[in-house]
Amino acid sequence: MTFSDTSAPKGRGELRDQPRRTGSEPITSTPAAPGTSAPSGAAHRWLALAIVMTAAFMDLVDVTIVNIAIPSIQRDAGASFSQIQWITAGYALAFAAGLITGGRLGDIHGRKRLFLVGVAGFTLASALCGFAANPGMLVAARILQGAMAAMMVPQVLSIVHATFPAHERGKVFGLFGAIVGLGAVSGPLLGALLTEWNLFGLEWRPIFLINLPVGIAALLLGRRYIGESRAPRALKLDLVGVALVTLGLLMLLYPLTRGRELGWPLWGYASMAGALVVFGVLVAYERRKAAADGSPLIETSLFTVKSFAAGIAVQTVFGVALGVFFLVWTLYMQIGLGWTPLHAGLTGVPFSIAVSVAAGMSVQKLVPRFGRGVLQAGALLMALGVLVYVWESHRYGLAIASWQMALPLVVMGVGMGLIVAPLTDAVLSEVPREHAGSASGLINTVQQMGNALGLGLVSVVFFGVIGDRLTPAQVGPAFANAFQHALLWVAAVLAVIFLLMFALPKRPAQHLEAGAADEPEPSPEPEAELVH
Numbered sequence: 127m128t129f130s131d132t133s134a135p136k137g138r139g140e141l142r143d144q145p146r147r148t149g150s151e152p153i154t155s156t157p158a159a160p161g162t163s164a165p166s167g168a169a170h171r172w173l174a175l176a177i178v179m180t181a182a183f184m185d186l187v188d189v190t191i192v193n194i195a196i197p198s199i200q201r202d203a204g205a206s207f208s209q210i211q212w213i214t215a216g217y218a219l220a221f222a223a224g225l226i227t228g229g230r231l232g233d234i235h236g237r238k239r240l241f242l243v244g245v246a247g248f249t250l251a252s253a254l255c256g257f258a259a260n261p262g263m264l265v266a267a268r269i270l271q272g273a274m275a276a277m278m279v280p281q282v283l284s285i286v287h288a289t290f291p292a293h294e295r296g297k298v299f300g301l302f303g304a305i306v307g308l309g310a311v312s313g314p315l316l317g318a319l320l321t322e323w324n325l326f327g328l329e330w331r332p333i334f335l336i337n338l339p340v341g342i343a344a345l346l347l348g349r350r351y352i353g354e355s356r357a358p359r360a361l362k363l364d365l366v367g368v369a370l371v372t373l374g375l376l377m378l379l380y381p382l383t384r385g386r387e388l389g390w391p392l393w394g395y396a397s398m399a400g401a402l403v404v405f406g407v408l409v410a411y412e413r414r415k416a417a418a419d420g421s422p423l424i425e426t427s428l429f430t431v432k433s434f435a436a437g438i439a440v441q442t443v444f445g446v447a448l449g450v451f452f453l454v455w456t457l458y459m460q461i462g463l464g465w466t467p468l469h470a471g472l473t474g475v476p477f478s479i480a481v482s483v484a485a486g487m488s489v490q491k492l493v494p495r496f497g498r499g500v501l502q503a504g505a506l507l508m509a510l511g512v513l514v515y516v517w518e519s520h521r522y523g524l525a526i527a528s529w530q531m532a533l534p535l536v537v538m539g540v541g542m543g544l545i546v547a548p549l550t551d552a553v554l555s556e557v558p559r560e561h562a563g564s565a566s567g568l569i570n571t572v573q574q575m576g577n578a579l580g581l582g583l584v585s586v587v588f589f590g591v592i593g594d595r596l597t598p599a600q601v602g603p604a605f606a607n608a609f610q611h612a613l614l615w616v617a618a619v620l621a622v623i624f625l626l627m628f629a630l631p632k633r634p635a636q637h638l639e640a641g642a643a644d645e646p647e648p649s650p651e652p653e654a655e656l657v658h
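For the record, in the sequence shown the residue sitting at position 393 is 519 according to the working numbering, with numbers rising by one throughout.
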């Protein structure tokens with residue numbers, strides 16, 4: 127869909143949607159290009175949603191599926207600790223560095239086009255990961271995979287934002303939260319099963335190869351059912367902005383991921399301090415760029431929208447908490463307790479089911495009634511679950527069983543589910559539609575930055591508590607103690623998130639609009655033309 131906006135100019139932070147339609151009313155469109163189908167109507171909107179959600183699910187699963195297989199990769203491929211670190215960190219770095227650029231490219235060249243390019247590249251990179259001949263090739267393929275995910279993922283929320291009217295997005299984001307939960311449960315469990323089964327003697331490789339049929343199906347169906355959309359006016363790619371974003375993120379994240387291994391050298395601290403200077407230069411340049419030609423990489427005016435600015439802050443800090451927890455949790459179960467990947471994967475099932483159920487309910491049932499309080503309740507529940515987990519780990523020691531972990535994991539899962547879907551809704555609820563790609567890229571970027579910061583902090587709050595040379599008998603107690611120490615930091619971060627959430631709007635504008643559906647409306651303004 128290309129927007130040819132003929133309506134009056136929009137004010138800052140004001141969300142302008144098309145006049146409400148019923149599901150039976152056709153979308154005004156020009157004829158489809160030869161050889162393509164022109165999606166129209168409610169049915170095609172939901173088919174398009176299923177396709178982009180499948181791609182989002184593929185990315186979520188890929189992130190979690192690798193963590194559970196790390197011990198197998200290290201053993202089978204002979205990877206060093208540094209290479210194992212880069213199998214996860216390389217993906218995160220490429221993903222974070224490319225997300226804003228990917229969102230803006232979708233605004234310029236079409237979100238459907240960039241989505242399909244990203245899916246194709248992600249599928250190819252998955253094949254390269256699966257057939258990697260050595261750890262070095264696997265690291266390179268993972269970096270490529272992260273870069274292609276940066277092309278694909280920002281288009282998901284952009285396509286949703288551009289395709290669905292405001293009064294339907296609550297239901298859509300509820301489904302998105304459920305997909306997040308399903309990805310969380312499917313990744314570790316699927317990774318554990320594929321690793322344990324050792325299909326065709328391929329060891330860990332099927333965890334990447336499983337993306338091939340999913341990616342091919344998404345490509346074929348996406349080409350037919352997803353409508354094209356772009357920004358309403360011609361934009362240019364801000365190459366200087368791309369360079370500054372990439373440089374700043376690398377200067378910040380590279381020292382964090384390599385710091386402990388290299389002994390926290392002085393240049394690492396200098397690099398992280400320099401990253402702040404680069405980000406300051408980026409902000410100043412983007413403001414001048416917006417005034418000069420209206421094509422900045424980052425729409426700094428978005429931060430004048432209170433809901434967006436506050437949501438970005440919460441998203442960043444929330445990413446830190448998740449980055450710390452999920453890595454130390456995996457290390458605790460598989461190395462500290464000596465559990466198999468399947469045992470660890472099954473232990474996480476109650477957590478993931480709780481996330482999925484709570485996320486599906488939060489947007490549709492709870493947020494319209496209780497507003498911001500739902501997200502704050504989620505932060506408190508997560509913190510409570512973390513503290514109960516610390517208590518149980520200390521009480522039962524290395525004899526702790528999976529069923530004993532179920533209670534804190536369910537409490538944490540419900541808390542996380544109450545946050546993930548409504549938070550996305552709150553951040554995007556007042557974003558002008560023409561900036562959907564840029565906003566989506568920023569949301570995903572800050573979340574990945576938060577995750578990367580969390581991974582970097584693991585070196586301090588987890589590995590910093592563990593001695594360098596441990597006897598086999600010392601490994602279990604040392605990892606359990608470090609796990610408890612790291613989770614206390616996670617609980618503290620969640621308390622900060624609770625306080626930051628006071629800056630969010632009490633009621634997302636989207637739900638206010640939906641609630642006002644029965645009020646008399648002024649005569650509709652000319653509608654943006656949708657070109658498929």
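Don't be surprised by glycine CBs; every beta carbon is placed ideally from N, CA and C. Predicted, not measured: the structure shown is a model, and the values here were computed from it.
Is the beta carbon of Leu382 less than 7 angstroms from the beta carbon of Gly576? no
Which value, in whole angstroms, describes the spacing of the CA atoms of Ala369 and Glu425? 16 angstroms
Suppose contacts are defined by Cβ-Cβ distances below 7 angstroms. Is Tyr351 in contact with His235 by that definition? no
If you draw a straight line from the alpha carbon of Leu319 to that of Gly471, how long is it in whole angstroms? 8 angstroms
Nearest to Leu468 by alpha carbon, out of Trp330, Thr214 and Leu219? Trp330
When we look at the beta-carbon of Phe444 and count the other beta-carbons within 10 Å, is it buried (16 or more) or exposed? buried
Candidates Ala251, Gly228 and Asp202, of which the one nearest Gln271 by Cα: Ala251
Taking only three categories from DSSP, how would you classify Phe334? helix
Between Val450 and Val286, what straight-line distance do the alpha-carbon atoms span, to the nearest angstrom? 30 angstroms
On a Cα-Cα basis, can you pick out the residue from Ala222, Thr249, Phe302 and Thr473 that is closest to Pro339? Thr249
Starting from Arg386, trace the alpha helix (DSSP H) in both directions and tell me its first and last residue. Premise fails: Arg386 is in no alpha helix (DSSP H) and is neither H nor E.
Leu233 - DSSP class collapsed to helix/strand/coil: For clarity, residue 233 is Asp in the given sequence; the question names Leu instead. Asp233 falls in the helix class under three-state DSSP.
Nearest-angstrom beta carbon gap, Arg268 and Gly216 [assumed within contact, 8 angstroms]: 5 angstroms
Distance between Thr180 and Ile333 (C-alpha atoms, nearest Å): 17 angstroms
What does a CB cutoff of less than 7 angstroms around Gly497 pick up in its chain, not counting 5 residues either side in sequence? Lys632 and Arg633
Taking the alpha carbon of Ala276 as the point to measure from, which residue in Pro534, Phe183 and Leu240 has its own alpha carbon closest? Leu240
Thinking just about the alpha-carbon of each residue, which of Ala484, Gln209, Leu463 and Ile569 is nearest to the one in Ile438? Ile569
Lys362 classed as buried or exposed, judged by whether at least 16 other C-beta atoms fall within 10 angstroms: exposed
Ordered along the chain, which non-local residues of its own chain (more than five positions away) have a Cβ less than 6 angstroms from that of Pro534? Gly511, Val514 and Tyr515
Starting from Ser284, follow the alpha helix (DSSP H) in both directions and report where the run begins and ends. Pro261 to Thr289
If I follow the unbroken alpha helix (DSSP H) through Lys432, where does it start and stop? Lys432 to Leu457
Determine the direct distance from the alpha carbon of Ala357 to that of Gly204, and round the result to whole angstroms. 48 angstroms
For Val298 and Pro291, what's the separation of their Cα atoms in angstroms? 10 angstroms
Compute the distance between the beta-carbons of Ala612 and Ser519, then report whether it is under 7 angstroms. no
Quick check on Phe628: buried or exposed, where buried means 16 or more other Cβ atoms within 10 Å of its Cβ? exposed
Does DSSP put Pro558 in a helix, a strand or coil? coil
Can you tell me where the alpha helix (DSSP H) holding Ser478 begins and where it ends? Val475 to Met487
If the criterion is Cβ atoms closer than 7 angstroms, does the pair Leu579 and Val446 meet it? yes
How about Gly504 and Gly541: are their beta carbons less than 7 angstroms apart? yes
Whole angstroms is fine: what's the gap from Leu141's alpha carbon to Leu428's? Below a pLDDT of 50, predicted positions are generally treated as unreliable, and Leu141, at 35, falls in that range; the measurement from the model is reported next regardless. The alpha-carbon atoms of Leu141 and Leu428 are separated by roughly 12 angstroms.
In chain order, what residues of the same chain have a beta carbon less than 6 angstroms from the beta carbon of Ala552, not counting five sequence neighbours either side? Ser433, Gly437, Leu630 and Pro634
Option in Pro261, Ala174, Leu408 and Gly224 with minimal Cα separation from Arg201: Pro261
Do you know whose CA, among Met459, Ala343, Leu614 and Leu346, lies nearest Gly523's CA? Met459
Taking DSSP as the reference, what is the three-state secondary structure of Asp364? coil
Backbone CA spacing between Ala410 and Arg521 [nearest angstrom]: 53 angstroms
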